[in-house]
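Scroll down for the structure; my scribbles are underneath it.
There are 2 protein chains.
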Amino acid sequence: MNNHVMPAAERKVRVDLGDRSYDILIGPGLIAAAGNEIASRLKGRKVAVITDENVGPRYLEPLMASLKQRDIEAVSLVLPAGEKTKSFEHLIPACEAILGARIERNDAVIALGGGVIGDLTGFAAGIVRRGSRFIQIPTSLLAQVDSSVGGKTGINSPHGKNLIGVFHQPDLVLADTDVLDTLSEREFRAGYAEVAKYGLIDKPDFFAWLEKNWQAVFSGGAARIEAIAVSCQAKADVVAADERENGLRALLNLGHTFGHALEAATEYDSARLVHGEGVAIGMVLAHQFSTRMNLASADDATRVEAHLRAVGLPTRMDEIPGSLPPAEKLMDAIAQDKKVKGGKLTFILTRGIGQSFVADDVPASEVLNFLREKHPQ
Amino acid sequence: MNNHVMPAAERKVRVDLGDRSYDILIGPGLIAAAGNEIASRLKGRKVAVITDENVGPRYLEPLMASLKQRDIEAVSLVLPAGEKTKSFEHLIPACEAILGARIERNDAVIALGGGVIGDLTGFAAGIVRRGSRFIQIPTSLLAQVDSSVGGKTGINSPHGKNLIGVFHQPDLVLADTDVLDTLSEREFRAGYAEVAKYGLIDKPDFFAWLEKNWQAVFSGGAARIEAIAVSCQAKADVVAADERENGLRALLNLGHTFGHALEAATEYDSARLVHGEGVAIGMVLAHQFSTRMNLASADDATRVEAHLRAVGLPTRMDEIPGSLPPAEKLMDAIAQDKKVKGGKLTFILTRGIGQSFVADDVPASEVLNFLREKHPQ
Ligand SMILES: NC(=O)c1ccc[n+]([C@@H]2O[C@H](COP(=O)([O-])OP(=O)(O)OC[C@H]3O[C@@H](n4cnc5c(N)ncnc54)[C@H](O)[C@@H]3O)[C@@H](O)[C@H]2O)c1
Ligand SMILES: NC(=O)c1ccc[n+]([C@@H]2O[C@H](COP(=O)([O-])OP(=O)(O)OC[C@H]3O[C@@H](n4cnc5c(N)ncnc54)[C@H](O)[C@@H]3O)[C@@H](O)[C@H]2O)c1
Ligand SMILES: [Zn+2]
Ligand SMILES: [Zn+2]
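Put into structure tokens, the structure is as follows:
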């Protein structure tokens with residue numbers, strides 16, 4: 001039985017995937033409650049926790065204490081923080097740590113951290129013994145609203161971001177909204193870009209709500225929990241409809257084709273650009289490009305840019321510190337991105353706020369001209 | 001349309017997995033026909049071929065020529081031969097080679113080689129872009145009758161064999177029976193252990209047929225193709241019934257729990273022991289242990305040993321060159337093997353030839369005593 005009585009503030013979102021369905025719990029104090037939540041769902045009594053050097057010192061001890069209270073044996077591995085950790089170099093010790101802990105079929109692997117730790121740990125859990133149970137404890141806003149839900153895991157390659165990985169759904173997601181208080185302002189904003197994304201994809205009312213309430217979301221409390229729950233529900237709906245990204249799920253990539261190209265162009269150097277910032281710039285570019293293609297009104301693009309700028313996100317390529325490679329190079333990165341079929345470019349475009357769609361016949365030449373305009377040498 | 005007219009000798013086995021069903025073609029000349037077979041099934045026109053230093057020099061050129069005839073663009077990567085290649089060290093360049101070739105969703109990755117190349121390449125195909133199309137061209141007997149069919153892929157870890165990997169089904173298997181002529185006698189025998197295994201699992205008539213016809217199987221021609229086709233059909237049936245090894249499929253591990261422990265004990269040194277030899281000794285041990293547990297008659301164990309010895313396979317631990325660790329160490333390796341749930345040992349035991357079953361409550365102490373008896377210090 002589940003001993004954890006859900007506080008009034010706590011929200012639950014169910015990801016509906018048949019016999020692989022799972023819960024996302026969203027609310028305060030969930031790290032302290034982790035032992036209970038896990039014990040009531042897991043048959044085994046062993047876990048391996050993987051975290052990073054920023055999150056570990058803050059939240060590993062309370063997590064371990066909570067697990068111990070329910071007699072769950074835990075080992076932990078602390079990896080360096082940052083995007084570069086999503087590499088074979090760190091995947092290997094992660095796999096060996098899980099195997100060394102003798103995690104068996106009913107035990108679990110836990111990711112305690114942001115999207116980097118979640119993606120890497122989920123991949124390790126997905127390949128150790130050809131798939132081990134996996135629990136996400138996302139600690140960044142981005143991880144809580146996006147990366148911890150849906151089962152996409154992986155690492156980066158010199159050829160591009162997230163090019164190596166598996167689909168491996170978690171068995172449980174615990175989004176402790178308190179821990180966001182120690183997240184840097186910049187990282188919170190970056191995660192907020194993904195929150196806004198759900199509005200821009202197909203929830204114009206949510207976007208309008210964010211325009212009014214973003215300050216409350218930033219300060220914490222009920223508005224923050226509400227924004228995270230709406231985001232998780234949006235992602236859960238898309239994932240349930242299209243687990244393997246054959247169609248609808250591609251909409252979640254709004255802003256990401258441009259964003260990934262910018263991340264590649266800045267060599268995943270988080271001092272210059274973090275994922276959510278790339279997505280913010282990418283979403284503005286996607287709206288502007290849609291305007292240029294006569295699909296959306298210029299007003300909508302302006303409104304998107306205004307809101308993201310208001311919360312403090314970058315919205316233009318020239319806000320990225322340091323120099324960017326020429327448009328042609330950015331185009332190469334786009335062509336090597338996942339969303340290419342037989343040479344044709346697939347893009348998420350929009351007819352206005354909350355009216356995005358998958359366009360699979362975007363001429364590369366148009367994109368290149370647009371990039372040249374936005375980023376003249 | 002398929003331009004390849006199936007010669008009289010060629011056999012086809014279908015692996016029935018819904019929309020992931022695929023064909024196994026078995027017969028002479030299939031490498032020369034690969035271009036046709038692949039072109040008629042694949043939408044893309046690009047492949048990355050991964051092979052090893054023994055197989056590459058012999059069969060890479062004819063394969064590339066056959067692909068070229070059908071305008072399939074191919075790049076290749078030649079890795080060292082041997083079990084040690086199933087490691088992260090070689091997985092990384094395999095992934096990078098596939099990405100470097102810009103293999104997209106409709107293109108494919110090809111494994112040309114034995115089980116080592118098949119397992120490694122299948123794993124790489126399974127994780128590049130979270131799953132790429134995959135074609136097996138197995139060149140060892142073991143790979144043709146076992147490892148190329150069923151979608152288990154992976155690499156070894158210092159913690160044990162095959163502990164890291166994914167389930168990733170091929171889209172096509174081309175088993176060219178001619179190439180077995182260049183396989184060493186020792187490797188052919190090792191593969192034959194897996195052929196005999198299908199008889200021992202649940203086909204007593206096939207085992208009896210092998211006892212009479214094994215020499216014809218070794219010399220090639222119709223009997224060889226027949227033995228391979230029966231084996232592939234047996235494996236295909238099990239895989240279709242239990243793709244993810246939740247039940248029935250475990251029977252394919254007959255002899256493998258002991259076998260894997262011996263492989264670990266000899267540090268995967270193929271000079272001392274190859275997989276099929278470990279399986280041969282393991283199957284004899286499984287029958288003897290079943291006799292000891294009063295499940296099977298001693299005559300059956302004797303008959304199994306007599307046949308495997310007749311074909312030239314090792315059947316006893318003391319035939320392995322060099323010294324083995326003590327029984328306690330072998331037991332440790334068994335306990336770290338996959339077939340353990342909550343501390344209890346799961347073993348494939350038998351009630352006689354062709355009457356194997358999954359026993360999930362085998363006392364570890366009995367196994368240890370048995371090992372001490374068979375391998376006194
Ligand atoms: N799998 C998916 O579906 C998916 C979706 C979107 C993004 N992603 C991936 O997620 C990654 C980005 O995630 P991210 O933005 O969380 O990056 P991150 O994991 O690097 O976290 C950002 C920074 O915040 C720190 N941090 C995290 N939680 C903290 C806390 N509570 N207090 C203090 N510091 C904390 C981290 O140590 C790190 O330095 C990218 O690699 C991206 O590709 C994956
Ligand atoms: N995935 C599965 O379901 C599964 C099942 C059984 C075994 N396996 C794995 O398969 C591996 C063993 O396979 P294997 O016995 O084929 O080993 P292997 O790939 O090492 O091949 C054996 C040797 O024969 C050589 N060789 C292969 N084909 C040849 C040919 N036609 N002519 C000349 N030389 C040739 C190879 O270079 C190698 O030296 C093990 O790693 C085992 O774990 C996997
Ligand atoms: Zn994102
Ligand atoms: Zn085997």
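Just so you know, the sequences run in chain order A and B. The numbers in UniProt numbering rise by one with no breaks, and the one at position 179 of the first sequence is 179. The numbers in UniProt numbering rise by one with no breaks, and the one at position 288 of the second sequence is 288. Ideal placement from N, C-alpha and C gives every residue a C-beta, glycine not left out.
query	result
Could you run through the region 155–179 of chain B and flag, in chain order, every residue whose CB is less than 8 Å away from some CB of chain A?	S157, P158, H159, G160, L163, I164, G165, V166 and F167
Which residues in chain B have a C-beta closer than 8 Å to the C-beta of V128 of chain A? List them in chain order.	L163 and I164
For F347 of chain B and chain A, any beta-carbon pair shorter than 7 Å?	no
Go ahead and pull the three-state DSSP assignment for I127 of chain A.	helix
On the three-pair Cβ rule with 8 Å, is the region 197–213 of chain A touching the region 118–128 of chain A?	no
Is the CB-CB distance between Q233 of chain A and R20 of chain A below 7 Å?	no
Closest to A101 of chain A by C-alpha separation, out of B:V279, B:D300 and B:H159, would be which residue?	B:H159
If you count every other CB in all the chains shown that lies within 10 Å of the CB of A241 of chain B, and 16 or more means buried, which is it?	exposed
Tell me, to the nearest whole angstrom, how far the beta carbon of A327 of chain B is from that of H375 of chain B; I am working on the premise that it is less than 8 Å.	5 Å
Under 8 Å: do the region 69–78 of chain B and the region 298–309 of chain A share three or more Cβ pairs, one atom per stretch?	no
Hey, L174 of chain B and L25 of chain B: beta-carbon distance below 7 Å or not?	yes
Does the beta carbon of V362 of chain B fall short of 6 Å from some heavy atom of ligand 4?	no
Classify M1 of chain A as buried or exposed, calling it buried when 16 or more other Cβ atoms lie within 10 Å of its own Cβ.	Note that M1 of chain A scores a pLDDT of 42, beneath 50, so its modelled location is shaky; the value from the coordinates is reported in the next line. By the neighbour-count rule (16 or more Cβ atoms within 10 Å), M1 of chain A is not buried but exposed.
Using only CA atoms, which one of A:A229, A:V55 and A:Q69 lies nearest to R45 of chain A?	A:Q69
On the three-pair Cβ rule with 8 Å, is the region 249–263 of chain B touching the region 27–42 of chain B?	no
For N156 of chain A, count neighbouring C-beta atoms within 10 Å of its own C-beta (all shown protein chains included) and say buried if the count is 16 or more, exposed if not.	buried
According to a CB-to-CB cut-off of less than 7 Å, which residues of the region 78–92 of chain A neighbour chain B?	F88 and I92
Quick check: the Cα distance between E263 of chain A and Y59 of chain B, rounded to an integer number of angstroms?	42 Å
Let me check one thing: in DSSP terms, what residues is I348 of chain B bridge-paired to?	B:V358
Compute the beta-carbon to beta-carbon distance between I110 of chain B and I137 of chain B, rounded to the nearest angstrom, for a pair I have assumed lies under 8 Å.	6 Å
Less than 7 Å between the beta carbons of A236 of chain A and V13 of chain A, yes or no?	yes
For a test of your reading of the model: does the CB of V149 of chain A fall under 6 Å from any non-hydrogen atom of ligand 3? Yes or no.	no
Does the beta-carbon of V279 of chain A, which I'm using as the reference point, lie nearer than 6 Å to any heavy atom of ligand 3?	yes
If we define contact as Cβ-Cβ less than 7 Å, is L42 of chain B a contact residue for chain A?	no
Within 6 Å: the Cβ of K152 of chain B and any heavy atom of ligand 2?	yes
Does the region 142–150 of chain A touch the region 189–199 of chain A, meaning 3 or more C-beta pairs lie closer than 8 Å?	yes
Measure the C-alpha to C-alpha separation of W214 of chain B and D107 of chain A and round it to an integer number of angstroms.	45 Å
Going by C-alpha distance, which of B:I348, B:H275 and B:L42 is nearest R186 of chain B?	B:H275
Please tell me whether, using a cut-off of 6 Å, the distance from the CB of A143 of chain B to the nearest non-hydrogen atom of ligand 2 is below it.	yes
Closer than 9 Å between beta carbons: that is the criterion. Which residues of the region 90–109 of chain B meet it against chain A?	L91, I92, C95, E96, L99, G100, R102, E104, R105 and N106
Helix, strand or coil for E96 of chain B? Go by DSSP, reduced to three states.	helix
Would G322 of chain A and R244 of chain A qualify as a contact pair, given that the criterion is a beta-carbon distance under 7 Å?	no
Please report the distance separating the alpha-carbon of S148 of chain B from that of R133 of chain B.	14 Å
Identify whether N246 of chain B lies in helix, strand or coil by the three-state DSSP scheme.	coil
How close, in whole Å, do the beta carbons of V279 of chain A and K344 of chain A come, if the pair is a contact with beta carbons under 8 Å?	Going by Cβ atoms, the distance from V279 of chain A to K344 of chain A rounds to 23 Å, so no, they are not a contact pair.
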